[in-house]
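To keep things clear, I will list the structure first and then write my remarks on it.
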Amino acid sequence: MSDFTSWVSTHQSRFENVLKRLLPQADATPQRLHAAMRYSVLDGGKRVRPLLAYAAGELSGASTERVEIAGAAVELIHAYSLVHDDMPCMDDDVLRRGKPTCHVEYDEATALLVGDALQSLAFQLLSENRLSVDANRQLQMVKLLAAASGSNGMAGGQAIDLASVGKQLTLPELEQMHIRKTGALIRAAILLGAYCGDMGKEQMDALDHYGKCVGLAFQVVDDILDSEADTATLGKTAGKDADNDKPTYVTLLGAAEAKKMAAGLHAEALDSLAGFGAPALRLRELADFIVMRKY
Ligand code: GRG
2 MSDFTSWVST
12 HQSRFENVLK
22 RLLPQADATP
32 QRLHAAMRYS
42 VLDGGKRVRP
52 LLAYAAGELS
62 GASTERVEIA
72 GAAVELIHAY
82 SLVHDDMPCM
92 DDDVLRRGKP
102 TCHVEYDEAT
112 ALLVGDALQS
122 LAFQLLSENR
132 LSVDANRQLQ
142 MVKLLAAASG
152 SNGMAGGQAI
162 DLASVGKQLT
172 LPELEQMHIR
182 KTGALIRAAI
192 LLGAYCGDMG
202 KEQMDALDHY
212 GKCVGLAFQV
222 VDDILDSEAD
232 TATLGKTAGK
242 DADNDKPTYV
252 TLLGAAEAKK
262 MAAGLHAEAL
272 DSLAGFGAPA
282 LRLRELADFI
292 VMRKY
């Protein structure tokens, strides 16, 4: 096992325990909602966003306990978005992380409430735990996650995505959609991880640029995987973009150009880490993983 693989699996399993502790217990009232929240968040997912938060936190000298709260807040928002995205009123999917989607396993009303409750819990965690010595900084962190997940971030990107079915988008339009829908939360994970420690403005800006590049690269690769990988490998239904007549990097540019674009974003992400030197190793490796992943 490479050093990176072992870092990933150690942090994934640490983080799983953090989530188990922070989520409401399944036997607490209302049991069905709490069980569905745990079903939707635990035992699945690559945990890319928390891993990025851990790596950014390592770079800014943050305490692991603080980074884990910030990472959990981001992961809960991510899990809520997947639960809602899979519902019949959106992507209408039956498979997520290799198991039946939340509304299939439970029911639609429960899935709606799971998303709502996960989102609230994310902000509760960010506000009830001390994540920075500076109260203003902590407020800034709450605002950062709100902006990344709201109508100018993830939810807005999803709205553009739903409105673009069956339409031809230009490359800048597609890019704007994905910067919001996928990129904003990935970028927030990195910045929140770093904000748990201490980092100067210039370094924060460099990290932000890294976040923008890997966030967009993540989506370009997602489009490629949706068209090339199979359902068993992905743990979610492959070929959904084509089935839903959605514009993607693959439909717009073709697979070969989309791969070149991912490689270009990968190189730009690595460039923005140049000033950090050796301590940014994990962020470099995570950029490699995001671009080379197979699921
Ligand atoms: C419902 C407000 C709202 C937003 C939904 C994130 C999203 C917006 C929709 C998910 C659909 C999708 C395929 C988005 C593309 C990229 C993406 C976020 C993929 C899933 O993330 P991974 O690969 O998932 O990190 P795991 O399961 O590993 O956590």
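The number in our numbering is simply the position in the sequence shown, starting from 1, with 1 added. We put the beta carbon where it would ideally sit given N, CA and C, even for glycine. Predicted model only: the values in this text are computed from it and were never measured.
Residue i: CB within 7 Å of a non-hydrogen atom of the ligand GRG
| i | result |
| --- | --- |
| A156 | yes |
| V19 | no |
| G72 | no |
| L83 | yes |
| E177 | First, the amino acid is wrong: residue 177 is Gln here, not Glu. Not under cutoff, so the answer is no. |
| M293 | no |
| M91 | yes |
| V215 | no |
| T232 | no |
| K47 | yes |
| Q220 | yes |
| R138 | no |
| R181 | no |
| D246 | no |
| H79 | yes |
| D44 | no |
| R98 | yes |
| Q159 | yes |
| D223 | yes |
Three-state secondary structure (DSSP) of residue i
| i | result |
| --- | --- |
| L274 | coil |
| R67 | helix |
| P280 | helix |
| K213 | helix |
| E97 | Glu is not the amino acid found at residue 97; the sequence shown has Arg there. Three-state result, R97: strand. |
| Q141 | helix |
| Y307 | For the chain, the structure presents residues 2 to 296; residue 307 sits outside this window and is missing. |
| Y296 | coil |
| D117 | helix |
| K47 | coil |
| V166 | coil |
| M205 | helix |
| K237 | coil |
| M2 | coil |
| N18 | helix |
| P300 | The first residue shown for the chain is 2 and the last is 296, placing residue 300 beyond what the model contains. |
| M88 | coil |
Straight-line Cα distance separating residue j from residue i
| i | j | result |
| --- | --- | --- |
| L119 | K241 | 25 Å |
| I291 | L146 | 21 Å |
| L287 | C214 | 12 Å |
| M293 | Q159 | 25 Å |
| T30 | A112 | 17 Å |
| V84 | A257 | 32 Å |
| A110 | L96 | 18 Å |
| S64 | A37 | 31 Å |
| M155 | L274 | 25 Å |
| C197 | Q139 | 9 Å |
| L163 | L170 | 13 Å |
| L253 | D223 | 14 Å |
| L271 | A57 | 14 Å |
| L297 | G255 | Within the shown structure, residues of the chain are numbered from 2 to 296, placing residue 297 beyond reach of any answer. |
| L284 | M2 | 19 Å |
| A239 | D94 | 11 Å |
| S7 | R48 | 14 Å |
| Q125 | D289 | 33 Å |
Sequence-distant residues of its chain with Cβ nearer than 6 Å to residue i (five each side left out)
| i | result |
| --- | --- |
| P280 | L60 |
| K261 | none |
| D86 | D92 |
| Y107 | A37 |
| A77 | A quick correction: the sequence has Leu, not Ala, at residue 77. L119, L122, A123. |
| G212 | R188, I191 |
Same chain, Cβ closer than 7 Å to residue i, five either side skipped, listed in chain order
| i | result |
| --- | --- |
| G235 | The displayed chain sequence assigns Leu, not Gly, to residue 235. For L235, where only same-chain residues beyond five positions count, the Cβ hits under 7 Å are L226, Y296. |
| A148 | G154 |
Own chain partners of residue i with C-beta closer than 8 Å, once the 5 adjacent residues on each side are dropped
| i | result |
| --- | --- |
| N245 | D92, V166 |
| K168 | P248 |
| R33 | Y107, T111 |
Contact test: residue i Cβ vs the ligand PLP heavy atom, cutoff 7 Å
| i | result |
| --- | --- |
| D86 | In the structure on display, the ligand PLP does not appear, and the ligands it does have are the ligand GRG. |
Any chain D beta carbon closer than 8 Å to residue i
| i | result |
| --- | --- |
| L122 | Of the chains in the structure shown, none is chain D; there is only one protein chain. |
Cβ pair count under 8 Å reaching 3, the stretch 190-197 against the stretch 219-228 = no
The stretch 127-136 touching the stretch 89-97, judged by at least three CB pairs closer than 8 Å | no
Three CB pairs or more closer than 8 Å across the stretch 172-185 and the stretch 135-144 | no
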